Structure formats: structure tokens, C-alpha cells
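Trainee: Take a look at the following structure, please.
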Ligand code: SIN
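Numbering (the numbering used here), first residue to last: 4 to 328.
Next up, the structure:
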């Protein structure tokens, strides 16, 4: 029997138009969901698709207003007994943040798949149709439930927590870290690597319309405390350091941040390295800092915002959430 899937469209290059098959410039978020579903109708996919346009934007403009609309549309779709799974179409630039935010706040009982494309719809070698067909294959599979929100790019399936955009050109732009991909997919075949890890589990955290302000502070050779102060701004409840190496920082910056922590601001040490894994160090206890583990700075920010919105503020509780998967 064919799966009934709801497609929530937000824009991005998967819905982008260049006006030329070989041009470099294009506009993301041009094709509406109805036209898109007509386009994929010719592929002979064995699923019944219904679409809803949430936004049609370049994902550089993604943020709380669209996230709220997307979250509530997704909850409504998942609550419908006739809906077997949800696909979100999204720009690739901030796809990892949206996917992770939903992963933290959506129950894992039905498949949820986020998909994008690196080339606009009228470009030669458009990857969007292949990626979309693969996303339909994954979202139609009962075994996709219990793995949290999944991301399909190329012929790979990634867990939202692991996935990151690692290239700005070419269709092979996403990677999972530290877990690599959790499955391989084609429109006709799907192989999972391992069993679902969140089977039948509800949402990890409650949704809050207002996410508290959390700053990401980028560190570099020669950084001084004034540079850090400028990046943090006012009213920040949390700071994620994109630190050098394993979330490291100059001693004056450490002292400044430990003082900030003493005044109630949560400080998380992440790494600016492509595959940065930041472990707790002995000093973290004294400083009151949290180690981001495998989360990159932009995803550490999402997790910290969700934790703070849920009134989770104790460093040991925050650390546990960063240690989890
Ligand atoms: C975007 O993120 O909306 C533009 C880039 C892309 O989708 O690849």
C-alpha cells in the first residue's frame, strides 16, 4: 500500500530557478509546492503526496517565524492518522539547524525527512528530483520512525544531530559527524546501518515560540577580550564559543567568560574545526563551562536555546544533553 506523505515546503535551491541551465546565479525559493508536486508526479513515485507551502525563502532568512509555522504544521500533519510521514523541503545553507531543532522537539514516532538540493531546478544535473525521490523512499519506510528527524542528501541518509553542510559546491555537500550516514538510499532501495535508537519515543523537549538569545563567538589568532565582548552583545543568556582546536581560548578570554558564567550566562565550548570533538576538561568544572562534544557551534547554539527555553540551566543537566544523541 502506498504511504501518504505530507510535504512542507520552505524554499531553497531545491525550489530555485536560474533561468539558464549552466549559469551560476539563481534565486532560491521560486517554485511553489503545487508546481513542484506536479513536476515530481512524472517520476512514478509509489506514495500519495500532499503539499503545504510554509514559506518560499532562501534559507539564509530562516529563523523563529518560519520555524514556528513549520513546527505547528508538522505537528498537525503527524497527528493526522492518514499521514504516514512528513517531508520538509529546505535550503541547504541552514538545513542542519532546522533539522536539529525539529529533532529536539518532534516525537520520533513517524518518519520526518528534511531534503534540499545544491543545484536549482532548471540547472543541468539538478539534484533535487533525485534527492526528493530518495526522501520519499525514506519517509515511506516504517523503519525510518524512531531515528529522529532524518536528512536525505545525495544517496545518503543522515541523523539530524550529526549532519552538517561541508561544501559550498557540488551535489556531495553534506556529511555526518561523528556517525557518518545512518543509511544509504536510492529511489528503489534503502539500507539502514543499525536499528532505530529512539523507537516510540516522544519529543525530547517542549516547543517554545520564543527562543532565548544565545551568541556564537568566533575565536581566532590574536583575539582579545574586547573582540569577544563586541560579539556577545547585551541580554545574552548563553554563549557558544567557536574555539580554536578543542574549544580552546586565550587565558584572558577564559577569565572573562568564567566571570560571565558566574553572572548567570551559560558558556558552551565548541570548536571552529570542521570535525571538532570537544571533550570536558578538568578546568570546565571550575569555570562552570559545558563541552559541546560533537556539535558544531551553530548546532550547539540551537541545543542551548532549546534547553534554556525549557528552563534547563544547571551545567550538569546541560552537559548531559550535549553528551546525548
Ligand atoms: C538556501 O539555503 O536557501 C540556498 C542554498 C541552497 O539551498 O543550496
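For glycine and all other residues, C-beta sits at the position ideal for the given N, C-alpha and C.
Here the structure is a predicted model, which means the values were calculated and not measured.
Beta carbon of residue 120, beta carbon of residue 56: below 7 Å?
Mentor: For residue 120 and residue 56, no; Cβs fall outside 7 Å.
Trainee: Would you say residue 121 touches the ligand SIN, meaning its beta carbon is less than 6 Å from a heavy atom?
Mentor: Yes, the ligand SIN has a heavy atom inside 6 Å of this Cβ.
Trainee: So, are the CB atoms of residue 250 and residue 281 less than 7 Å apart?
Mentor: Yes, Cβ-Cβ distance for residue 250 and residue 281 is below 7 Å.
Trainee: Assign residue 151 to buried or exposed, taking buried as 16 or more other Cβ atoms, counted over all protein chains shown, within 10 Å of its Cβ.
Mentor: Buried, by the Cβ-count rule.
Trainee: Quick check on the DSSP output: the alpha helix (DSSP H) that includes residue 247 runs from which residue to which?
Mentor: Run containing residue 247: none; DSSP gives neither H nor E here.
Trainee: For residue 62, is the beta carbon positioned less than 6 Å from some heavy atom of the ligand SIN?
Mentor: The answer is yes for residue 62.
Trainee: Starting from residue 178 and walking both ways along the beta strand (DSSP E), at which residues does that stretch end?
Mentor: Start and end: 177-179.
Trainee: For residue 167, which of 314, 7, 28, 303 has the nearest alpha-carbon?
Mentor: It is 303.
Trainee: State yes or no: is the C-beta of residue 60 within less than 7 Å of the C-beta of residue 19?
Mentor: Not closer than 7 Å, so no.
Trainee: So residue 9 is in the beta strand (DSSP E); what residue range does that whole segment cover?
Mentor: Here the beta strand (DSSP E) through residue 9 covers 6-14.
Trainee: Looking at the structure shown, is residue 292 part of a helix, part of a strand, or coil, going by DSSP?
Mentor: Of the three classes helix, strand and coil, the one that applies to residue 292 here is coil, per DSSP.
Trainee: According to the neighbour-count rule (16 or more other Cβ atoms, all chains shown, within 10 Å of its Cβ), is residue 316 buried or exposed?
Mentor: So residue 316 ends up on the exposed side.
Trainee: Tell me whether residue 92 is buried or exposed, calling it buried when 16 or more other Cβ atoms sit within 10 Å of its Cβ.
Mentor: Residue 92 should be labelled buried.
Trainee: CB of residue 212 to nearest heavy atom of the ligand SIN: below 6 Å?
Mentor: Not so, every heavy atom of the ligand SIN lies at least 6 Å from the Cβ.
Trainee: Just the Cα atoms here: how many angstroms apart are residue 289 and residue 271?
Mentor: Spanning the two alpha carbons is a distance of roughly 14 Å.
Trainee: Tell me the DSSP bridge mates of residue 56?
Mentor: DSSP lists 12 as partners of residue 56.
Trainee: Since residue 103 and residue 305 should fall inside the 8 Å C-beta cutoff, what is the C-beta to C-beta distance between them, to a whole number of angstroms?
Mentor: Going by Cβ atoms, the distance from residue 103 to residue 305 rounds to 5 Å, so yes, they are a contact pair.
Trainee: Counting C-beta neighbours from all protein chains within 10 Å, is the total for residue 100 16 or more, i.e. buried, or is it exposed?
Mentor: Under this definition residue 100 is a buried residue.
Trainee: According to DSSP, is residue 168 helix, strand or coil?
Mentor: Note: residue 168 maps to strand in three-state DSSP.
Trainee: Which of the three DSSP states, helix, strand or coil, is assigned to residue 162?
Mentor: Strand, per DSSP.
Trainee: Could you tell me the alpha carbon to alpha carbon distance between residue 222 and residue 312, rounded to whole angstroms?
Mentor: The alpha-carbon atoms of residue 222 and residue 312 are separated by roughly 26 Å.
Trainee: Check whether the Cβ of residue 9 sits closer than 6 Å to any heavy atom of the ligand SIN, and report yes or no.
Mentor: Because no heavy atom of the ligand SIN lies under 6 Å away, the Cβ of residue 9 does not count as near it: no.
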